[in-house]
Structure formats: structure tokens, C-alpha cells
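Line by line, the protein sequences give chains A and B.
All residue numbers for the first sequence refer to this note's numbering, where the first residue is 62 and numbers rise by one.
All residue numbers for the second sequence refer to this note's numbering, where the first residue is 175 and numbers rise by one.
Ideal Cβ placement from N, Cα and C applies to all residues, glycine included.
Have a look at the structure below, then the notes.
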Amino acid sequence: MSKISSILMMASVFFFALPAFAQGGEAASGGGLVVAAACLAMAIASGLCGLGQARATGSAAEALARNPAARPGIQFALILGLALIESLALYTLVIIFAKVK
Amino acid sequence: MPEQLWITEILNHWFAGPVTSLLYSLGIHPTYPQAPITNAFAVELLVFLLLVVVFLLVRSSLSVDKPGALQHIFEGAHGFVEHQTHEVIGHGGERYAPFLMALGLFILVNNLIGLIPGFEAPTASPVVPLGCAVVAWVYYQAQGFRHAGPKYLLHFFGPVWWLGWLMLPIELISHLARMMSLTIRLYANMFAGDMVTLVFFSLVPVGVPILFLVLHIGVSFLQTYIFVLLTTVYLAGAVAEEH
Numbered sequence: 062m063s064k065i066s067s068i069l070m071m072a073s074v075f076f077f078a079l080p081a082f083a084q085g086g087e088a089a090s091g092g093g094l095v096v097a098a099a100c101l102a103m104a105i106a107s108g109l110c111g112l113g114q115a116r117a118t119g120s121a122a123e124a125l126a127r128n129p130a131a132r133p134g135i136q137f138a139l140i141l142g143l144a145l146i147e148s149l150a151l152y153t154l155v156i157i158f159a160k161v162k
Numbered sequence: 175m176p177e178q179l180w181i182t183e184i185l186n187h188w189f190a191g192p193v194t195s196l197l198y199s200l201g202i203h204p205t206y207p208q209a210p211i212t213n214a215f216a217v218e219l220l221v222f223l224l225l226v227v228v229f230l231l232v233r234s235s236l237s238v239d240k241p242g243a244l245q246h247i248f249e250g251a252h253g254f255v256e257h258q259t260h261e262v263i264g265h266g267g268e269r270y271a272p273f274l275m276a277l278g279l280f281i282l283v284n285n286l287i288g289l290i291p292g293f294e295a296p297t298a299s300p301v302v303p304l305g306c307a308v309v310a311w312v313y314y315q316a317q318g319f320r321h322a323g324p325k326y327l328l329h330f331f332g333p334v335w336w337l338g339w340l341m342l343p344i345e346l347i348s349h350l351a352r353m354m355s356l357t358i359r360l361y362a363n364m365f366a367g368d369m370v371t372l373v374f375f376s377l378v379p380v381g382v383p384i385l386f387l388v389l390h391i392g393v394s395f396l397q398t399y400i401f402v403l404l405t406t407v408y409l410a411g412a413v414a415e416e417h
């Protein structure tokens with residue numbers, strides 16, 4: 062019960078920021094939403110990219126521990142996989158730079 | 175007048191007139207007619223001239239009995255690229271190693287020159303990685319045609335003929351997307367590195383940005399390696415032979 066109440070207390074802090082949208086009211090409500098969406102999108106992309114890379118690195122470390130003689134092949138697959146996963150998060154960053162003024 | 179690096183200023187001072195008239199004759203209108211050469215183009219040109227000078231130096235000092243330091247470095251780099259082609263493409267791979275090494279060295283020096291004050295990395299502007307990606311794409315398509323003739327087009331229909339109607343649009347889009355992914359990967363890594371360094375520089379001007387410059391070195395090498403490796407993989411897909 063105290064865990065739920067602490068989570069709800071943390072979530073309620075986010076609502077304190079809502080009045081900031083009311084200040085730049087005339088033209089900025091659309092602009093504020095674009096910025097908020099951009100931040101949320103980048104956060105989700107980076108978080109999921111982190112999860113994916115963690116799985117890749119964990120599998121590579123485990124495979125290396127089981128079979129140290131296969132290091133070149135495992136290292137190759139690890140570096141290639143990490144760079145490809147990273148590039149997915151970077152696509153989000155590029156869209157943000159293209160769309161957010 | 176835009177913000178110019180010192181080399182861009184020198185080049186624009188001497189060549190702005192002829193370059194602007196050349197662009198106008200091609201129908202292109204530069205934003206600043208008195209400074210048509212951009213920073214990225216000026217540094218790229220410098221890197222190209224630097225690489226040509228280094229290659230000439232290596233070429234002129236090659237020797238079998240007493241190899242010098244430069245020869246060792248380039249033999250090591252060439253051996254690395256050739257080893258990659260053997261692993262990925264198979265036994266016919268050495269003929270693509272010179273192109274991959276030239277592409278790799280160009281991208282690497284372009285990335286690293288951003289560290290020196292007074293220069294900015296050309297790969298941090300979106301057109302330079304696009305150029306490298308288009309060159310790599312045209313090269314591997316051309317090698318596919320050279321290797322298999324017109325039968326290279328059968329690659330786009332997939333492994334079995336009765337799925338060809340489905341595979342053709344998928345393969346076309348995936349081939350075109352390779353250009354986009356190569357470009358965006360290199361551009362975003364370099365540009366984001368610059369952005370992050372600037373952000374931390376505005377927060378803590380002393381000491382902390384050095385960490386990001388070191389990160390930039392690591393990311394430069396890694397991204398160059400990934401670009402060359404992916405081009406090798408695309409080449410392997412284009413010139414592969416089913417046994």
C-alpha cells in the first residue's frame with residue numbers, strides 16, 4: 062500500500078507542470094505539444110534501445126564465457142548488432158531535429 | 175555572410191567568383207553568393223588533398239627489404255580490410271578491398287578532423303554521409319551487375335519465383351533504405367556527439383567536455399568500421415554465388 066501511495070505521489074508531481082502550458086497560450090499550445098511529444102519519443106526510443114543493447118551484450122558475454130576461443134566471431138557479431146540497434150534510436154533523434162523548431 | 179572557418183574564408187576569398195558562376199550555370203543559387211563554398215566542402219577538400227599526399231608518400235617509400243613505419247601502418251590497415259572481405263565475402267573478396275579501404279580512410283579522417291580546433295567534421299553535416307552512402311550503394315550495385323550481368327536483377331525477386339510479386343517491392347524498398355540507414359547512422363552519431371559536447375560545455379566548461387571528446391574518438395572509429403562492414407555485407411549479398 063505504501064509503495065502504491067509513493068508511486069502516486071511521484072506521479073502527481075508531474076501535474077504541477079501543467080500550468081506552464083497555459084502561459085504561452087496563443088500560438089504555443091501546438092508548439093508545446095510538439096516539444097513534449099519529441100521528448101517523450103526520444104525517451105522511449107533511448108530506453109528501448111538500451112534494453113535491446115543490454116540483451117545483446119548479455120548474450121555476447123555469456124557466449125564468450127562459455128567458449129572463449131570463439132572471441133573473434135562473437136566480438137564481430139556484438140559490434141555489428143550494437144551499432145544497428147543504436148541506429149534505430151538515432152532515427153528518432155533525426156526526426157526530432159527535422160521537425161522540432 | 176555565414177560563419178566560416180579559416181580555410182573556408184581562404185577558399186571563398188580566392189574562388190568565390192568562379193564557383194558562384196559555375197553554380198549559376200548549373201541552375202543552383204547559393205544562399206550566400208560571396209561564400210558559395212560551405213565549411214563541410216572546404217574541410218572535405220582539405221581531407222582529400224591530405225589523403226592523396228599521404229598515399230603518394232607511402233607509395234614512394236615502399237620497400238621490400240626495409241619497410242618504414244608508414245608502410246607498416248598501411249599494410250596493417252589493408253590486411254585488416256582484406257581479412258574482413260575474406261570473412262564476409264569469401265574467396266573473391268580482395269578485389270573490393272582497395273575501394274573499402276579508401277572509403278574507410280576518407281570517412282575516418284573526416285570524423286577525426288572534427289577534434290582539431292579550427293576545423294569541423296564534414297560528416298556532421300548531412301550531405302557528406304549521404305555522398306558516402308550513395309557512392310557505396312552505386313558501387314555495390316555496379317559490382318553486382320559486373321559479376322552476374324543482367325541476371326543480377328533476379329536477386330530482387332527473392333529465392334523462389336512464385337513469391338517474386340511479393341519480394342520485389344520489399345527488396346526494392348530495403349535496398350533503397352540501405353542508403354538512408356547508412357547516411358543517418360553516420361550523420362546522427364557525429365552530429366549528436368557534437369551536440370552533447372556543446373551541452374556539457376555550456377554546463378561545465380572545464381574538464382567534462384574532454385570525456386565527450388574522447389567518446390567522439392571512439393565513436394568515429396566505430397562508425398567508420400560499421401560503415402565499411404555494412405558495405406562489405408551488401409557487397410557479399412550482391413556478388414554471392416549459391417553453391
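Contact annotation for Leu141/A against chain B: Ile400, Leu403, Leu404 and Val407 [CB-CB distance below 9 Å, chain order].
The region 138 to 153 of chain A and the region 102 to 115 of chain A touch, with no fewer than 3 CB-CB distances between them shorter than 8 Å. DSSP, reduced to helix, strand and coil, places Asp368/B within a helical segment of the structure shown. Judged by DSSP in its simplified three-state form, Met103/A adopts helix. Under the Cβ criterion (8 Å, minimum of three pairs), the region 263 to 270 of chain B does not count as touching the region 216 to 224 of chain B.
Counting along the chain, the unbroken alpha helix (DSSP H) around Tyr408/B starts and ends at Val382 to Val413. When C-beta distances to chain B are compared with 7 Å, the residues of the region 143 to 155 of chain A below that value are Ala144, Ser148, Leu151, Tyr152, Leu154 and Val155, in chain order.
In this structure, the straight-line span from the alpha carbon of Ala131/A to that of Leu139/A is close to 12 Å.
Between the alpha carbons of Pro324/B and Tyr314/B lies a gap of roughly 14 Å.
If you draw a 10 Å sphere on the C-beta of Ala310/B, you find 16 or more other C-beta atoms in it, and that means buried. One thing to note: Thr194/B has its Cβ within 8 Å of the Cβ of Pro207/B. A direct Cα-Cα distance of roughly 15 Å separates Ile347/B from Val312/B. Contact between Val155/A and Ile358/B is confirmed by a C-beta separation of about 5 Å, below the 8 Å threshold. For Asn363/B, the neighbours in chain A by C-beta distance under 7 Å run, in chain order, Leu151.
When DSSP states are grouped into helix, strand and coil, Leu200/B belongs to the coil group. Burial check for Glu415/B: the Cβ neighbour count within 10 Å stays below 16, so the residue is exposed. Of the residues assessed, Tyr361/B falls on the buried side of the cut-off, its CB having 16 or more other CB atoms within 10 angstroms. With a contact defined as Cβ atoms closer than 8 Å, Phe374/B and Pro383/B qualify at about 5 Å. Burial state of Ala298/B is buried, judged by a 10 Å Cβ sphere holding 16 or more other Cβ atoms.
Non-local C-beta neighbours of Pro210/B in its own chain, meaning closer than 8 Å and more than five positions away in sequence, comprise Asn186, Ala190, Val193, Thr194, Leu197 and Pro204, ordered along the chain. Membership of Thr259/B in the alpha helix (DSSP H) is indicated by the continuous run Ala243 to Val262. A contact is defined here as three or more CB-CB pairs under 8 Å, and the region 395 to 413 of chain B meets this definition with respect to the region 266 to 278 of chain B. Taking a cut-off of 8 Å on C-beta distances, the region 376 to 393 of chain B touches the region 283 to 295 of chain B, as three or more cross pairs fall below it. The shortest C-alpha to C-alpha distance from Ala412/B to any of Glu294/B, Gln245/B, Leu225/B and Gly267/B is the one to Gly267/B.
The DSSP-derived three-state label of Pro207/B is coil.
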